[in-house]
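Asks: Right, I'll just put the structure down here and ask away after.
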Amino acid sequence: MKQTALTAALIMAMTYLPSSHSHTPLNEVPDLSQYTESVQDWEDHRAFFEGQSLDVLDIHLHPGSYDKLGPKGKEFVKSVFPVNLPDVLKVPILRLFSSFQLNPYGAFIGIKNECRKASANNCILFATYAPETWGIEPNEDLIGYLDDSRNQFNNQTFFYGLASLSVENWSTNKENSLNQLRNALSHPKIVGIKLAFAHTLTAFDDRQYFDIYEVAKSFNKPVYHHVGTSPLRKVSEFEEEEREYVFRTFDPMYLETAIKEFPDVNFIMGHAGNDANVEGFDKVDEVFFLAEKYPNVFIEVSALGSSRSDPDGSKMERILMQAKSLNIIHKLIYGSDGPGSPGNIQGYKERVIESLQRANYTFEQAQMVMASNARSLFSIPAANTIVESNVQKPE
Numbered sequence: 001m002k003q004t005a006l007t008a009a010l011i012m013a014m015t016y017l018p019s020s021h022s023h024t025p026l027n028e029v030p031d032l033s034q035y036t037e038s039v040q041d042w043e044d045h046r047a048f049f050e051g052q053s054l055d056v057l058d059i060h061l062h063p064g065s066y067d068k069l070g071p072k073g074k075e076f077v078k079s080v081f082p083v084n085l086p087d088v089l090k091v092p093i094l095r096l097f098s099s100f101q102l103n104p105y106g107a108f109i110g111i112k113n114e115c116r117k118a119s120a121n122n123c124i125l126f127a128t129y130a131p132e133t134w135g136i137e138p139n140e141d142l143i144g145y146l147d148d149s150r151n152q153f154n155n156q157t158f159f160y161g162l163a164s165l166s167v168e169n170w171s172t173n174k175e176n177s178l179n180q181l182r183n184a185l186s187h188p189k190i191v192g193i194k195l196a197f198a199h200t201l202t203a204f205d206d207r208q209y210f211d212i213y214e215v216a217k218s219f220n221k222p223v224y225h226h227v228g229t230s231p232l233r234k235v236s237e238f239e240e241e242e243r244e245y246v247f248r249t250f251d252p253m254y255l256e257t258a259i260k261e262f263p264d265v266n267f268i269m270g271h272a273g274n275d276a277n278v279e280g281f282d283k284v285d286e287v288f289f290l291a292e293k294y295p296n297v298f299i300e301v302s303a304l305g306s307s308r309s310d311p312d313g314s315k316m317e318r319i320l321m322q323a324k325s326l327n328i329i330h331k332l333i334y335g336s337d338g339p340g341s342p343g344n345i346q347g348y349k350e351r352v353i354e355s356l357q358r359a360n361y362t363f364e365q366a367q368m369v370m371a372s373n374a375r376s377l378f379s380i381p382a383a384n385t386i387v388e389s390n391v392q393k394p395e
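Taking the UniProt record's numbering, the leading residue of the sequence shown gets 1, the next gets one more, and so forth.
Structure follows, in structure tokens:
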């Protein structure tokens, strides 16, 4: 960050400090709407593959704010802050930036603007209930974003959502949590359920949570599971006697019982079982084993292909080649795990497209990964820009 930009950010941060609510009303975002449209509606928003217009649907975006993060999440974002500052200065800057960056309709670097820069025709926002790690982004706030008048592009819905639920104190709060989930799933723009058992230290094979899949079945909605280790919970931080249980919270093989018992529920293996902390717990092969064996298992490829996780692109290329060799390209789902920092959503999309090219995917196969598979799985209609024509890339 240049010194002038840092100085400006400090001044703004000290004059604008969002309050620490469990909900973040949209009217608390700085009113910069006069700038929004010029940033949001790009003259040429298309992505291309082999010279043809490529539909992009990013299924993995996280709205929120700094104050909604859990303690581990706050420590993580402070640790990756690019300038060495004391917390008394760093935290106000993070609050300020998150009020733009993590808000779907934030000016300049809001999620919608960043998704449009990445050529996405639709995106899916996640609710989150992980109080110790990434915090709580409740279903109520998610639905508020979906119902906002700005949730449109080319006269169609732009954002859809995955609802979630709290699994804390499950023995006493189960019915309340499940009812809140049912209420959220009744919303027409909520297209699935998002679970992050690695973040909440909840075992995949614990049958008391199988009622969640009963709800998914009754609403005919897919379930997205974070699979693989959490970047905020290293296995090495746990005592040896605790690790057997920890494995049950991220190893996809512990999901096999639920996958078999609920054949009508589609399970999405988030991050393809990536070893987020590079500790030797890669579960990619297990994810592919399940996806090849069971018709109701799909693989999502967010985060693992980032420049930080996969600097040379070999990890993403391996996954694409493995799906190709097993003839399960129809089970690959694109997501970025954005927004991250400004430009990350666009950068991730470009890295995945480069990997698709290196893996010698055809246009039709690339289109399946980048949007078609997700549109079918979540019942999201095709974007107007794609329905109108498959425009050739301008010279």
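Yeah, the Cβ is synthetic: ideal placement off N, Cα and C, and Gly gets one too.
Being a predicted model, the structure only gives us computed values, none of them experimental.
Less than 6 Å between C-beta atoms, sequence neighbours within five positions excluded: which residues of the same chain meet that for Asn139?
Replies: These residues qualify, in order along the chain: Ala127, Ala163 and Ala184.
Asks: Pick out whichever of Pro131, Trp170 and Arg375 has its Cα sitting closest to the Cα of Gly70.
Replies: Nearest of Pro131, Trp170 and Arg375 to Gly70, Cα basis: Pro131.
Asks: From the DSSP secondary-structure annotation, give me the bridge partner or partners of Ile268.
Replies: Partner(s): Tyr224 and Phe298.
Asks: Compare the Cα-Cα distances from Phe250 to each of Asn113, Asn274 and Trp134 and report the closest residue.
Replies: Of the candidates Asn113, Asn274 and Trp134, the one whose C-alpha sits nearest the C-alpha of Phe250 is Asn274.
Asks: Measure from the alpha carbon of Leu142 to the alpha carbon of each residue in Gln152, Thr133 and Ile124, then state which is nearest.
Replies: Of Gln152, Thr133 and Ile124, the residue nearest in Cα terms is Ile124.
Asks: Are the beta-carbon atoms belonging to Lys331 and Phe298 less than 8 Å from one another?
Replies: It is a contact, given that the beta carbons lie within the stated cut-off.
Asks: Between which residues of its own chain and Ala118 is the CB-CB distance below 6 Å, once the five residues before and five after are set aside?
Replies: Ile345, Gln346 and Lys349, listed in sequence order.
Asks: Have a look at Ala203 and Asn84 and give me their C-alpha separation to the nearest angstrom.
Replies: Taking the straight line joining both Cα atoms gives about 38 Å.
Asks: Taking the straight line between their C-alpha atoms, what separation do you get for Lys112 and Tyr160?
Replies: Between Lys112 and Tyr160, the C-alpha separation is close to 12 Å.
Asks: By alpha-carbon positions, which one of His199, Phe158, His60 and Ile59 ends up nearest to Pro231?
Replies: Of the candidates His199, Phe158, His60 and Ile59, the one whose C-alpha sits nearest the C-alpha of Pro231 is His199.
Asks: For Cys123, which beta-bridge partners are listed by DSSP?
Replies: In the DSSP output, where bridge partners are listed per residue, Cys123 has Asp58 and Phe159.
Asks: Can you check DSSP and say which residues form a bridge with Glu137?
Replies: According to DSSP, Glu137 bridges with Thr128.
Asks: Quick one: what does DSSP say Leu332 is sitting in, helix, strand or coil?
Replies: Leu332 falls in the strand class under three-state DSSP.
Asks: Tell me, to the nearest whole angstrom, how far the beta carbon of Ile328 is from that of Glu292; I am working on the premise that it is less than 8 Å.
Replies: At roughly 6 Å, the Cβ-Cβ gap stays under 8 Å, so Ile328 and Glu292 are in contact.
Asks: Considering only the alpha carbon of each residue, which of Phe49, Pro342 and Val352 lies closest to Ile319?
Replies: Ile319 has its Cα closest to that of Val352, out of Phe49, Pro342 and Val352.
Asks: Keeping to the same chain, check which residues put their C-beta closer than 8 Å to that of Phe372; ignore five residues upstream and five downstream.
Replies: For the sequence presented, residue 372 should be read as Ser rather than Phe. Correct list, in chain order: Asp55.
Asks: Ordered along the chain, which non-local residues of its own chain (more than five positions away) have a Cβ less than 6 Å from that of Lys234?
Replies: Once the five neighbours on either side are set aside, the close Cβ partners of Lys234 are Asn277.
Asks: Cβ atoms of Glu300 and Arg358: under 8 Å apart, would you say?
Replies: Result no, Cβ atoms of Arg358 and Glu300 do not sit closer than 8 Å.
Asks: For Ala47, write down the residues that DSSP places opposite it in a beta bridge.
Replies: Beta-bridge pairing links Ala47 to Leu54.
Asks: Using three-state DSSP, classify Val278 as helix, strand or coil.
Replies: Coil, per DSSP.
Asks: Leu57 CB to nearest chain E CB: under 8 Å?
Replies: The chain labelled as chain E is not found in the depicted structure, where only one protein chain is given.
Asks: Tell me where the beta strand (DSSP E) around Lys68 begins and ends.
Replies: That residue, Lys68, is in no beta strand (DSSP E); it is neither H nor E in DSSP.
Asks: Excluding the 5 residues flanking Gln208 on each side, which residues of the same chain have their C-beta closer than 7 Å to its C-beta?
Replies: So the list reads Trp170, once near-sequence residues are dropped.
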